[in-house]
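The sequence shown begins at 0 in numbering that gives the first Met the number 0 and counts up by one.
Backbone N, C-alpha and C define an ideal beta-carbon position, used for all residues, glycine too.
Please read these numbers as outputs of a predicted model, since none were measured by experiment.
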Amino acid sequence: MKLRWYEKSKWQIRKQEAMKLRKKGLSIGKIEQRLGIRRSTLSGWFQNVQLSKKQKEKLLHDWKNGLIKARKKAVLWHNEQKDKRLQHAKDGALKTLKNLDLNNPHTFELALAMLYLGEGSKRNVETAIGSSDPMILKFFLKGLQNLYNLDLEKIRCELYLRADQDPGKMKNFWARELKLPLGSFKQVNIDKRTIGSKTYPQYKGVCNLRCANVAIQRKLIFLSELFCNGIIDKTMRI
């Protein structure tokens with residue numbers, strides 16, 4: 000279908016506008032956005048347009064800036080999506096918790112047993128657990144207190160540190176975090192393999208908690224294993 004004379008005139012005006020913008024050093028993408036003319040059409044128009052060195056440098060500069068902006072937008076978008084996924088996971092966890100009786104000591108003891116199955120000592124004849132996460136150890140201590148009425152003064156603490164960490168400072172950190180007497184921290188082990196390497200400030204080493212009560216260890220292990228096997232077999236053999 001042929002264009003009428005006034006349509007040709009309008010199209011010619013748009014072409015002239017596009018050519019002017021191109022000669023000013025604007026990219027095809029920007030001209031497309033500004034005039035609403037398809038990129039394929041613009042590419043055909045600009046085939047014979049010769050750009051100066053300065054115009055080419057401007058195009059390159061604009062392209063690099065556009066790439067930087069695009070990357071920043073992509074990072075923001077990915078962060079927003081990640082936040083949404085994290086919130087979805089948190090909402091799911093809260094929904095599960097609402098269906099549990101957190102005041103039930105059996106629920107607490109089962110959670111403690113599963114923790115011990117993953118992180119606790121099983122070889123030695125004692126109840127012991129080590130972690131670099133204060134929250135895990137706080138939970139463990141709370142279980143010993145509430146479920147087994149254990150005197151926390153009987154807890155012995157060992158620290159496993161990197162070579163550049165100050166033993167005194169780390170003892171104070173863990174004693175403060177776990178609300179245990181400083182005298183409970185008897186032994187400090189230094190990993191000589193880390194000599195010469197720098198430790199991240201947030202890493203406070205590994206704290207190992209020990210108590211001589213092997214009966215707690217045995218019950219926690221039996222409880223966790225029986226629970227897991229019961230789930231696997233679809234029957235609770237308790």
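- Residue Leu179 holds the alpha-carbon nearest to the alpha-carbon of aspartate 150 among Leu160, Gly129, Leu179 and Met134.
- Within a 10 Å sphere around the beta-carbon of phenylalanine 221 sit fewer than 16 other beta-carbons, which makes this residue exposed.
- Where serine 39 is concerned, the enclosing alpha helix (DSSP H) starts and stops at 38-44.
- If the five residues before and after aspartate 61 are omitted, its C-beta is found closer than 7 Å to the C-beta atoms of Ser26, all from its own chain and listed in chain order.
- Going by DSSP, aspartate 132 is part of no beta strand (DSSP E) at all; its letter is neither H nor E.
- When the five nearest sequence neighbours on each side are left out, the beta carbons in the same chain lying within less than 8 Å of the beta carbon of isoleucine 36 are those of Arg13, Ala17 and Ile30, in order along the chain.
- Annotated three-state conformation of glycine 119 is strand, per DSSP.
- According to the DSSP assignment, leucine 177 belongs to the alpha helix (DSSP H) that extends over 166-177.
- Of the candidates Ser183, Lys153, Leu111 and Phe45, the residue whose Cα lies closest to the Cα of glycine 167 is Ser183.
- In this structure threonine 126 is not in contact with glutamine 164, their Cβ atoms being roughly 27 Å apart against a cut-off of 8 Å.
- Per DSSP, reduced to three states, the secondary structure at lysine 185 is strand.
- With contacts defined by Cβ atoms closer than 8 Å, leucine 116 and serine 223 form a contacting pair.
- Per DSSP, asparagine 207 lies in no alpha helix (DSSP H); the unbroken beta strand (DSSP E) holding it starts and ends at 205-210.
- Here tyrosine 159 carries a strand assignment [DSSP, helix/strand/coil].
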